[in-house]
Amino acid sequence: MKKWSWKWAALWAGLAICLGACGQPGGEKSSGEQQSVQTEDTGRNDSGAEAEDPEEVKSDQPEGTRADLPGGDTPGLAAFYEDNFPIGVALPGFVFENMDNYEEVILNNFNSITCENEMKPDFLLDREGSQKKLDETNLQAAVHFDACMPAIEFALKHDMKIRFHTLVWHSQTPEWFFTEDYTEDGKLVDREVMLARMENYIADVLGYFQENYPGLIYAVDVVNEAFDPGNGDENGVRMKDNLWYETVGEDYYYQAFVFARKYASEDMRLFYNDYGCTDKAALILERLAQAKEEGLIDGIGMQSHLSTGDRIQYKFMLAVKQFCDAGYEVQSTELDIGVTENSEAAFMTQARKYRSFFKNMKSLQEEGYPITGITVWGLNDDLSWRTGEYGLLFDKDMNPKKAYQGALMDPSVPDVE
Ligand code: GLA
0 MKKWSWKWAA LWAGLAICLG ACGQPGGEKS SGEQQSVQTE DTGRNDSGAE
50 AEDPEEVKSD QPEGTRADLP GGDTPGLAAF YEDNFPIGVA LPGFVFENMD
100 NYEEVILNNF NSITCENEMK PDFLLDREGS QKKLDETNLQ AAVHFDACMP
150 AIEFALKHDM KIRFHTLVWH SQTPEWFFTE DYTEDGKLVD REVMLARMEN
200 YIADVLGYFQ ENYPGLIYAV DVVNEAFDPG NGDENGVRMK DNLWYETVGE
250 DYYYQAFVFA RKYASEDMRL FYNDYGCTDK AALILERLAQ AKEEGLIDGI
300 GMQSHLSTGD RIQYKFMLAV KQFCDAGYEV QSTELDIGVT ENSEAAFMTQ
350 ARKYRSFFKN MKSLQEEGYP ITGITVWGLN DDLSWRTGEY GLLFDKDMNP
400 KKAYQGALMD PSVPDVE
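According to numbering that gives the first Met the number 0, the residues represented by the sequence shown are 0 to 416, in order.
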């Protein structure tokens, strides 16, 4: 396996502004909710008709030829993109318990891990411990790290890094964390108490990693999915089912960045992570402007839950450039590209979209856009949250799919354009 390369990390560390023209935001749209899968915009125009799509994949297109693959023995993804960015994978706890089935593929292809769930607040917050502490303080909930320990140990053993996901999110954060007595039906605490709890939570979590595993975490999703015009206030800040909004108020996401910057070490890059970034780019940039100006945030995590109908070069990449032009680094943090049918033709279409995605990200990075990572959201189609959409690079038996060859820009997968 190719080990983690800090070459690019060092390169980006001091890079504030990137080059390139700013494009209009496209219409990326995606998932985000645990319960329902929303995929990307499929390029429909206002009349509902299919818009003309320069990236349309025609199945009868001739096989492309590319001679730029390092010959014979194809390297895995991490090695292939070593000079560009780390390649990550989201892994559930289940994988660590059955590692024999997965280890080879993981070690051959990835140099970064995101815990699919085990670093989310519902795993890190310790309810019993918090209740026990109530006599002493109601401002600092207890945390525990047992669930993510297998991921930490695996990463350390194999010299991989971890993308931390996620500190402040409306979802997968237990209701009891927001109440006076840490019970589900307790009274919600006020802004002051919740801000103190937020600060202590962020300090405790980031502090834990810094003290025990310095250098392990290279990126932190400080806030996930705070902006949603459809379910938001007049500024597009998500209100629906959002106890952070209810207790702390409309600036909760800003406060999270204040605390994260205060307690993060310098090598932890701080991210705002969201779905639908092509549609929401302008809103995201506007809402984060103050935090950015104050140096509290480093990057935008574009979740990238895509579908084969999505335009990658002419839409997704424009948003990437837009964020970069505004001075952010960009990571694709939860990539999957869903297809609706299980057929060879559909998998070839998917492969070409993967190719387009990786190829465009690579060339933008090479042009100087600070793209600092791509993480696929799951290891194989069976482990994907998008049931029945076959969105990933490996099939249920861990065989590489055509999509995998697409991601490697293999000549057997023609370009989309
Ligand atoms: C969002 C979250 C992820 C994950 C997916 C669904 O994208 O950011 O953590 O929960 O939804 O699996």
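Even glycine gets a Cβ: it sits at the ideal position worked out from N, Cα and C.
Query raised in the report: Unbroken alpha helix (DSSP H) runs of length 4 or more, entirely within the segment 171-212: which are they?
Result: Within the segment 171-212, the complete alpha helix (DSSP H) runs of at least 4 residues are 190-211.
Query raised in the report: Can you tell which of Cys147, Ile151, Lys156 and Leu124 has the C-alpha that lies nearest to the C-alpha of Tyr181?
Result: Nearest in C-alpha terms to Tyr181, of all of Cys147, Ile151, Lys156 and Leu124, is Leu124.
Query raised in the report: Which whole-angstrom value is the C-beta distance of Val142 and Tyr200, which I expect to be below 8 Å?
Result: Between the beta-carbon of Val142 and that of Tyr200 there is about 7 Å, and that keeps the pair under the 8 Å contact cut.
Requested in this report: Counting only the same chain and skipping the five closest in sequence on each side, list residues whose C-beta sits under 6 Å from that of Ala150.
Outcome: When the five nearest sequence neighbours on each side are left out, the beta carbons in the same chain lying within less than 6 Å of the beta carbon of Ala150 are those of Ile112 and Cys114, in order along the chain.
Query - Rounded Cβ spacing between Ile296 and Leu282 (contact assumed at less than 8 Å) - result: Wrong, their Cβ atoms sit about 15 Å apart, outside the cutoff.
Report task. Express the C-alpha separation of Asn107 and Pro69 in angstroms, rounding to a whole number. Result -> For Pro69, the predicted model reports a pLDDT of 35, less than 50, meaning its position is unreliable; a value from the coordinates is still stated below. Going by the C-alpha atoms only, they are around 16 Å apart.
Query raised in the report: Cβ of Trp384 within 9 Å of Cβ of Leu334?
Result: No, they are not a contact pair.
Query raised in the report: Can you find a heavy atom of the ligand GLA that lies under 8 Å from the Cβ of Glu117?
Result: Taking the Cβ of Glu117 as the reference point, every heavy atom of the ligand GLA lies at 8 Å or farther away.
Query raised in the report: How about Asn108: is its Cβ closer than 8 Å to a heavy atom in the ligand GLA?
Result: Flag unset: Cβ of Asn108 not near the ligand GLA.
**Report entry** Within 9 Å, strictly: CB atoms of Asp184 and Thr246
**Finding:** With a cutoff of 9 Å on beta-carbon distance, Asp184 and Thr246 are scored as not near each other.
Report task. Return yes when at least one heavy atom of the ligand GLA lies under 8 Å from the C-beta of Asn223, else no. Result -> Flag set: Cβ of Asn223 near the ligand GLA.
Query raised in the report: Pick from Trp243, Tyr244 and Gly326: whose alpha carbon is nearest that of Leu284?
Result: Between Leu284 and the set Trp243, Tyr244 and Gly326, the nearest pair of CA atoms involves Gly326.
Requested in this report: Please state if the CB of Ile86 and the CB of Phe163 are separated by a distance shorter than 9 Å.
Outcome: No, the Cβ-Cβ distance between Phe163 and Ile86 is not below 9 Å.
Query raised in the report: Would the segment 384-395 and the segment 121-139 be scored as touching if the rule is three or more Cβ pairs under 8 Å?
Result: Touching, no.
Query raised in the report: Using the C-alpha atoms, what's the distance from Thr178 back to Glu135?
Result: Each residue's Cα considered, the two are about 16 Å apart.
Query raised in the report: First and last residue of the alpha helix (DSSP H) that includes Thr136?
Result: Where Thr136 is concerned, there is no enclosing alpha helix (DSSP H), given that its DSSP letter is neither H nor E.
Query raised in the report: Going straight from the alpha carbon of Leu242 to that of Val167, what length do you get?
Result: If you draw a straight line from the Cα of Leu242 to the Cα of Val167, it is about 11 Å long.
Query raised in the report: Thinking just about the alpha-carbon of each residue, which of Asn272, Phe79, Glu343 and Met238 is nearest to the one in Phe322?
Result: Of Asn272, Phe79, Glu343 and Met238, the smallest CA-CA separation from Phe322 is found for Asn272.
Report task. Report yes if the CB atom of Thr332 is closer than 9 Å to the CB atom of Met301, and no otherwise. Result -> It is a contact, given that the beta carbons lie within the stated cut-off.
Report task. Mind checking which residues open and close the beta strand (DSSP E) that includes Phe270? Result -> Judged by DSSP secondary structure, Phe270 falls within the beta strand (DSSP E) whose first and last residues are Arg268 to Asp273.
Query raised in the report: Trp168 by DSSP, collapsed to three states: which one?
Result: Trp168 falls in the strand class under three-state DSSP.
Query raised in the report: For Leu205 versus Tyr262, is the C-beta spacing smaller than 9 Å?
Result: Contact flag set, yes.
Requested in this report: Determine the contact status of Phe346 and Lys279, defining contact as a CB-CB distance below 9 Å.
Outcome: Cβ distance not < 9 Å, so Phe346 and Lys279 don't count as in contact.
Query raised in the report: If you draw a straight line from the alpha carbon of Ala318 to that of Lys132, how long is it in whole angstroms?
Result: If you draw a straight line from the Cα of Ala318 to the Cα of Lys132, it is about 45 Å long.
Query - Distance, Val219 Cα to Ala249 Cα - result: In the sequence under discussion, the amino acid at residue 249 is Glu, which differs from the Ala named in the question. When rounded, the distance between both Cα atoms is 22 Å.
Query raised in the report: What number of angstroms, rounded off, separates the C-alpha of Arg260 from the C-alpha of Asp203?
Result: If you take the alpha carbons of Arg260 and Asp203, they lie about 13 Å apart.
Report task. Give a single yes or no on whether Ser170 has its beta carbon closer than 8 Å to a heavy atom of the ligand GLA. Result -> Flag set: Cβ of Ser170 near the ligand GLA.
Report task. Look at the Cβ atom of Leu378, then the Cβ atom of Val192, and state whether they are nearer than 9 Å. Result -> Going by C-beta atoms, Leu378 is not nearer than 9 Å to Val192.
Query raised in the report: What's the C-alpha gap between Asp414 and Ser362?
Result: Computed Cα separation, rounded: 14 Å.
Query raised in the report: Expressed to the nearest angstrom, what Euclidean distance is found between the alpha-carbon atoms of Tyr353 and Ser411?
Result: Rounded to whole angstroms, Tyr353 to Ser411 spans 13 Å at the Cα level.
Query raised in the report: How would you call Ala344, buried or exposed, if buried means at least 16 neighbouring beta carbons within 10 angstroms?
Result: The residue is exposed, with fewer than 16 neighbouring Cβ atoms inside 10 Å.
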